[in-house]
DNA sequence: CAGGTTACTGAGTGGTTACTCAATAACCGA
DNA sequence: TCGGTTATTGAGTAACCACTCAGTAACCTG
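Protein chains in written order, with our numbering: chain A, 2 to 177; chain B, 2 to 177.
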């Protein structure tokens, strides 16, 4: 992730990555077999970061509605909205045409996220069709937010978070 | 754009692009000087496509509010939401760490788009702070939408457009 | 301490890359 | 038809790429 963020994915060769990690480049091949699988592992790693963040926040939240909001908050918290994370994420996203397996991973992850969100919203009393719509919109909003953050390092995290929370406030029937 | 979409940007070498265009690869160098400048030209091209779409739609629209909606519609119309366009756009976005000039272009384009949108909203009677918020949210929404469309070719354009229009309906004080 | 598994390295290799350079072909105005 | 600009090519080059392979070191178990 450090390599991709500083050099760009195009110049993040196996050699450069190995140099950065201070290991021999063959070790990467040993553990990950080839470049595509290394990149898949990176993508999965990012998802795991986010998953961990979501889990503890949802656990900590009281009401169903607070859990739904926790899922959103987790995806825009400072730890996740780090430059390394979002830049790498976008870079991997852009490789989808040449690495279809990444598309599959993304599909699975995005789907799970969305269904969790819808579940908590419904438990919180939001009508299904409304919950689906909010989940769609908030997912797109967060994707866009990651993208923007990747393009502009100087973007203020707090202001981005405000955009999300403003949306939630206006589109959820009351809440914590 | 065809190369990037089918091969991915990583394998879209000058040679492959030249082959696809049925020209000698030196010609690319002759006209664009080097790879970064070629890619900048592609990015600018995408923006011009969108700009043209926005212009005629805004001109065709009657009320200020209709103009604001036209700006949004233009960015999610079938011509723009083509696989070639969105995939290439994401791919170029991912090159920002290694091609900072792309960040500058994106910054300029995104800013102009946003200020146009805010202008029409205000002319249409939306209070400034409210207009800013809607413009922020809709921009992120559309960015996310392009990203999703790039990741999943099978995504239905009509449904994506519905997500945007639903948002507009609920967040704009009446409209056309 | 023997022996098998795991961790790690260095030296290659064939292929591809962006880009240079010198040359030729086409065009176009005077 | 001349002369200069523009369009286009092919051959070449140094650097880099992902990946292979054969070998060594470390470790861990019985």
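In this text, a Cβ means the ideal position worked out from N, Cα and C, and glycines have one as well.
Exposed or buried, what is residue 103 of chain A when buried is set at 16 or more other beta-carbons lying within 10 Å of its beta-carbon?
Taking the first residue of the first chain as position 1, residue 103 of chain A is located at position 102. So residue 103 of chain A counts as buried.
Any C-beta of chain A sitting closer than 7 Å to the C-beta of residue 12 of chain B?
For the purposes of this step, residue 12 of chain B is taken as the residue at position 11 of the second chain. Yes, residue 12 of chain B counts as interfacial toward chain A.
Nearest CA to the CA of residue 116 of chain A: which residue from A/137, A/26 and A/16?
Your numbering for residue 116 of chain A matches position 115 in the first chain. The residue with the shortest Cα to Cα distance from residue 116 of chain A is A/137.
Closer than 6 Å by C-beta to residue 37 of chain B: which residues in its own chain qualify, once you throw out the five before and the five after it? Chain order, please.
To locate residue 37 of chain B, count along the second chain from 1; it is residue 36. Excluding residues within five positions, the ones whose Cβ falls inside 6 Å are 100.
Does any residue of chain B have a CB that is nearer than 7 Å to the CB of residue 94 of chain A?
If you number the first chain from 1, residue 94 of chain A lands on position 93. At a cut-off of 7 Å between beta carbons, residue 94 of chain A contacts chain B.
Can you pull the chain B neighbours of residue 9 of chain A, defined as C-beta to C-beta under 7 Å?
Start at 1 with the first residue of the first chain, and residue 9 of chain A comes out as number 8. By Cβ distance, chain B contributes 96, 98 and 99.
Bounding residues of the alpha helix (DSSP H) (the contiguous stretch that carries residue 121 of chain B)
The residue labelled residue 121 of chain B in the question sits at position 120 within the second chain. Counting along the chain, the alpha helix (DSSP H) containing residue 121 of chain B begins and ends at 101-124.
Give, in chain order, every residue of the region 138-155 of chain B whose Cβ lies closer than 8 Å to some Cβ of chain A.
Of all residues in the region 138-155 of chain B, 138, 140, 141, 142, 143, 144, 145, 146, 148, 149, 151, 152 and 153 have a Cβ within less than 8 Å of some Cβ in chain A.
To the nearest whole angstrom, what separates the beta carbons of residue 58 of chain B and residue 42 of chain B, a pair I think is in contact under 8 Å?
Reading the second chain from its first residue, position 57 is the one you call residue 58 of chain B. Reading the second chain from its first residue, position 41 is the one you call residue 42 of chain B. The C-beta separation of residue 58 of chain B from residue 42 of chain B comes to about 25 Å, leaving the pair out of contact by the 8 Å criterion.
Where does residue 170 of chain A land, buried or exposed, given buried means 16+ other C-beta within 10 angstroms?
What you label residue 170 of chain A is simply residue 169 of the first chain in a count that begins at 1. Exposed: under 16 other Cβ atoms inside 10 Å.
Member of A/98, A/74, A/65 and A/9 whose CA lies at the smallest distance from the CA of residue 4 of chain B
Working through the second chain from its first residue, we reach residue 4 of chain B at position 3. With distances taken between Cα atoms, residue 4 of chain B lies closest to A/98.
Given that a residue counts as buried once 16 or more other Cβ atoms are within 10 Å of its Cβ, and exposed if not, what is residue 149 of chain A?
Position 148 of the first chain, counted from the first residue, corresponds to residue 149 of chain A. Buried.
When the distance is taken between beta carbons, is residue 61 of chain B closer than 7 Å to residue 122 of chain B?
In the second chain, residue 122 of chain B corresponds to position 121, counting from 1. In the second chain, residue 61 of chain B corresponds to position 60, counting from 1. Taking 7 Å as the cut-off, the Cβ atoms of residue 122 of chain B and residue 61 of chain B do not count as close.
Start-to-end residues for the alpha helix (DSSP H) that takes in residue 37 of chain B
Walking along the second chain from the start, residue 37 of chain B turns up at place 36. 36-61 is the span of the alpha helix (DSSP H), which, as asked, contains residue 37 of chain B.
Among the residues of its own chain, which have a CB less than 6 Å from the CB of residue 176 of chain A, if the five just before and after it don't count?
Locating residue 176 of chain A in the first chain gives position 175, counting from the first residue. Reliability fails at residue 176 of chain A, whose pLDDT of 47 lies under 50, so the model's placement of it is uncertain and no value is given.
Pairwise C-alpha distance: residue 128 of chain A and residue 106 of chain A:
In the first chain, residue 106 of chain A corresponds to position 105, counting from 1. In the first chain, residue 128 of chain A corresponds to position 127, counting from 1. Just so you know, the alpha carbons of residue 106 of chain A and residue 128 of chain A end up roughly 29 Å apart.
Per-residue DSSP class, three states only, for residue 154 of chain B:
Here residue 154 of chain B refers to the residue found at position 153 of the second chain. In the three-state reduction of the DSSP assignment, residue 154 of chain B falls in the coil class, being assigned neither a helical nor a strand state.
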